[in-house]
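Participant: For the first sequence, my numbering begins at 11 and goes up steadily by one.
A virtual CB, placed ideally from N, CA and C, is assigned to each residue, including glycine.
Remember, it's a predicted structure, so these values are computed and weren't measured experimentally.
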Amino acid sequence: IQLSNLSSFINWLSLRPSLSLELEKGEENMASWSSSSTQRSSGATMPCSVVKLDDDLLRHEEEAAEEIRRGPWTVEEDLTLVNYIADHGDGRWNSLARAAGLKRTGKSCRLRWLNYLRPDVKRGNFTADEQLLILDLHSRWGNRWSKIAQHLPGRTDNEIKNYWRTRVQKHAKQLNCDANSTKFKDAMKYLWMPRLADHHLQQSNQTFQLQDSDLSGWVQGFS
DNA sequence: AATCACATCAACCGCGATCAC
DNA sequence: GGTGATCGCGGTTGATGTGAT
11 IQLSNLSSFI
21 NWLSLRPSLS
31 LELEKGEENM
41 ASWSSSSTQR
51 SSGATMPCSV
61 VKLDDDLLRH
71 EEEAAEEIRR
81 GPWTVEEDLT
91 LVNYIADHGD
101 GRWNSLARAA
111 GLKRTGKSCR
121 LRWLNYLRPD
131 VKRGNFTADE
141 QLLILDLHSR
151 WGNRWSKIAQ
161 HLPGRTDNEI
171 KNYWRTRVQK
181 HAKQLNCDAN
191 STKFKDAMKY
201 LWMPRLADHH
211 LQQSNQTFQL
221 QDSDLSGWVQ
231 GFS
């Protein structure tokens, strides 16, 4: 994919579920973009900070005298990474980053690819089915996010972890108990999961998010 | 309209495990 | 077996959106 053929790339991205892509004219002919959640309406993108890491930590890379870019990825960087992986495959992320000419750490490249650019990444709200599965698997395995993610095709461990921390733990807090406590697990097992299962039956193609109004009922019932 | 608090999620960090030599 | 490089996981951070006041 050539940068000059940006529209094709955008089309390719837009074919992926629920991916919001907004471009704005940036400085120096460089398109900056916001590729975060669909809830984010602004295309404004924070400029990447360019930082010099401590020389001691960079002694293996001193000759390269690289400035390591951090923060949100630009569309140009994404193009570079996608192109490189299309041609050479992934893995060996540190050398990949260098070979591709990206001023990013290997870790950063790996994360961007696995959590965002990989073609089979599924985005958007978790379905009731997926939420049920997460609750079930977490009750069995705890915070084994990667293991849990293996059972949700297209979902990343990062996404599941965020879901758990922002949604599930919030509900545990409302119950005044720990998300790992027996009390909360019982609440999930006997109240939340049956409700989700009910909603799952009613669900056709729409995704379902447990609403706070739903929660208040079982919080009252449980306490 | 301004301000604040909270929610969300992409990205980063530290560290143990694994790999390659 | 030792060592450095790399990978992958789980925890955390910080920018930004959103809703309440």
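Do Thr-90 and Leu-112 come within 9 angstroms of each other at the CB atom, strictly closer than that value?
Facilitator: yes
Participant: Expressed to the nearest angstrom, what Euclidean distance is found between the alpha-carbon atoms of Leu-185 and Ser-118?
Facilitator: Whole-angstrom Cα-Cα distance: 37 angstroms.
Participant: Since Thr-166 and Asn-125 should fall inside the 8 angstroms C-beta cutoff, what is the C-beta to C-beta distance between them, to a whole number of angstroms?
Facilitator: 5 angstroms
Participant: How long is the line joining the alpha carbons of Asn-172 and Arg-108, rounded to whole angstroms?
Facilitator: 30 angstroms
Participant: Can you tell me whether DSSP reads Arg-133 as helix, strand or coil?
Facilitator: Reduced to three states, the DSSP call for Arg-133 is coil.
Participant: Select from Cys-187, Arg-133, Leu-127 the residue whose C-alpha is nearest the C-alpha of Ala-96.
Facilitator: Selected option, being the one with the closest Cα: Leu-127.
Participant: Buried or exposed, going by whether 16 or more other CB atoms sit within 10 Å of the CB of Ser-47?
Facilitator: Note on Ser-47: pLDDT 34, under 50, position unreliable in the model; the coordinate value appears next. That one is exposed.
Participant: Using alpha carbons as the reference points, say which of Glu-86, Ile-144, Asn-93 lies closest to Trp-202.
Facilitator: Considering only Glu-86, Ile-144, Asn-93, the residue with the shortest C-alpha distance to Trp-202 is Ile-144.
Participant: In three-state DSSP terms, what is Arg-237?
Facilitator: Nothing can be reported for residue 237, as the shown portion of the chain is limited to 11 through 233.
Participant: Going by DSSP, what residues sit across from Ile-8 in a beta bridge?
Facilitator: A query on residue 8 cannot be resolved here, the shown segment of the chain reaching from 11 to 233 and no further.
Participant: Grouping DSSP H, G and I as helix and E and B as strand, with all else coil, what is Arg-177?
Facilitator: helix
Participant: Helix, strand or coil for Arg-102? Go by DSSP, reduced to three states.
Facilitator: coil
Participant: Roughly how many angstroms separate the alpha carbons of Asp-100 and Leu-106, rounded to a whole number?
Facilitator: 8 angstroms
Participant: Could you tell me whether the Cβ atoms of Lys-195 and Ser-149 are closer together than 9 angstroms?
Facilitator: With respect to Ser-149, Lys-195 sits close: the two C-beta atoms are nearer than 9 angstroms.
Participant: Provide the residue(s) that pair with Arg-108 in DSSP beta bridges, ordered along the chain.
Facilitator: Arg-108 is not bridged to any residue.
Participant: Just reading off the alpha helix (DSSP H) that Cys-119 is part of, what are its end residues?
Facilitator: Unbroken alpha helix (DSSP H) run through Cys-119: 116-122.
Participant: So the candidates are Phe-136, Trp-174, Glu-169; which of them puts its Cα closest to the Cα of Gly-152?
Facilitator: Among Phe-136, Trp-174, Glu-169, the Cα nearest to that of Gly-152 is on Trp-174.
Participant: CA-CA distance, Thr-192 and Gly-134?
Facilitator: 30 angstroms
Participant: Residue range of the alpha helix (DSSP H) that Thr-192 falls in?
Facilitator: 192-197
Participant: Beta-carbon within less than 8 angstroms of Asp-64's beta-carbon, same chain only, minus the 5 sequence neighbours each way: which residues are those?
Facilitator: Model confidence at Asp-64 stands at a pLDDT of 41, short of 50, so the residue's coordinates are unreliable; what they give is reported in the following sentence. No residues qualify anywhere along the chain.
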